[in-house]
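Enquirer: The structure is given below, and queries will be raised subsequently.
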Amino acid sequence: MNIESMNEGLHRLLEKYLPGKTALLETDAGIGCGAVLKKDGEWIKLLPWRVERRFTELKKITENGTLEGISTLRFAAMSAEEPLRNLLYRELDLCEFLGGAEVRSAFAVASGERIANVLIQLADGKSVSIECSSALPRNTSPLDRHEIISRRGIAGDRVVDTQVPQSSIYLFRNGEETRYTDVDSELYGLENKEIWIVRAAFAVLRTPSLAAQWNRTDRILRRNVESILNTAKNGKVVFFQEEQA
């Protein structure tokens, strides 16, 4: 990630929409998205997938009555670069964000520190399956897919029967392939992951109450990730109790 370019993008958004506000993105070596927001001496963890368009649209479908009787969420996330814990961290948050309920129990089967399959039950009874792998070949683009299965139909963040994410433009030159997909006209030039981190930082600055919410969510997610991965070692289902704010 290019933190300098990301801060330039965040500065442009603040100048345009929230003049007078200042904050700084910094890299984060811990579990999470890879960046944190520093504002007034406070460190704020970011959950950029919560502002990513494909996931916000999926959430609308779960809330506006388009899907009825949701029973199962089926997620998969694979990467050549992201550690397994980062992948599971994101997918756990997405299952609560899209499922509309907290994780109550989980069990994982893992292969070393790179691959894990997780079965989860949410507090309202929905079932979730998550497949995570950090074992893709080097230089392979990340692959993921998120499906929500209901009595009335199935919704997903990928086109039906699509296995590999599509790009807007493909350039073939000198035997090499280059892909381009621009998702934000105001942050042109940033990579997709960088764009959503900047948008998440802007969301926190626009809605300050998110800072405490996301820091609390981060604390719970980090605990849950470790507890779930431990089930792959001890063979026992882990049960979670609701944490008070």
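So for the sequence shown, our numbering puts the first residue at 371; every next one is plus one. Glycine included, each C-beta is placed from N, C-alpha and C at the ideal position.
Ends of the beta strand (DSSP E) at Ile-518?
Expert: In the sequence shown, residue 518 corresponds to position 148, counting from 1. Here the beta strand (DSSP E) through Ile-518 covers 513-520.
Enquirer: Quick one: grab the DSSP three-state call for Ser-504.
Expert: As a position in the sequence shown, residue 504 is number 134, starting the count at 1. Coil.
Enquirer: So who's on the other strand from Arg-549, going by DSSP bridges?
Expert: Your numbering for residue 549 matches position 179 in the sequence shown. Beta-bridge pairing links Arg-549 to Tyr-540.
Enquirer: Just reading off the beta strand (DSSP E) that Leu-492 is part of, what are its end residues?
Expert: Counting from one through the sequence shown, the residue named residue 492 turns up at place 122. It spans 485-492 - the beta strand (DSSP E) in which Leu-492 sits, taken as one unbroken run.
Enquirer: Residues in its own chain within less than 6 Å of Asp-554 by CB, not counting five upstream and five downstream?
Expert: Start at 1 with the first residue of the sequence shown, and residue 554 comes out as number 184. Counting only Cβ-Cβ distances below 6 Å, and skipping sequence neighbours, we find Ile-565.
Enquirer: Can you list, in chain order, the residues of its chain whose CB lies under 7 Å from that of Val-406, leaving out five sequence neighbours each side?
Expert: Residue 406 sits at position 36 when you count from the first residue of the sequence shown. Within the same chain, Val-406 has close Cβ partners Glu-396, Asp-398, Trp-413, Ile-414, Lys-415 and Leu-416.
Enquirer: Checking 8 Å against the spacing of the C-beta atoms, do Ala-505 and Arg-474 come in under that value?
Expert: Here residue 505 refers to the residue found at position 135 when the sequence shown is read from its first residue. Here residue 474 refers to the residue found at position 104 when the sequence shown is read from its first residue. In this structure, Arg-474 does not lie closer than 8 Å to Ala-505 by Cβ.
Enquirer: Three Cβ pairs or more, each shorter than 8 Å: is that satisfied between the region 434-451 and the region 582-590?
Expert: Cβ pair count under 8 Å is below three, so no.
Enquirer: If you draw a straight line from the alpha carbon of Ser-375 to that of Leu-560, how long is it in whole angstroms?
Expert: Taking the first residue of the sequence shown as position 1, residue 375 is located at position 5. Taking the first residue of the sequence shown as position 1, residue 560 is located at position 190. Rounded to whole angstroms, Ser-375 to Leu-560 spans 7 Å at the Cα level.
Enquirer: Taking the Cβ atom as the reference point for each residue, do Lys-429 and Leu-462 lie within a distance shorter than 8 Å?
Expert: Position 59 of the sequence shown, counting from 1, holds the residue named residue 429. Position 92 of the sequence shown, counting from 1, holds the residue named residue 462. Cβ distance not < 8 Å, so Lys-429 and Leu-462 don't count as in contact.
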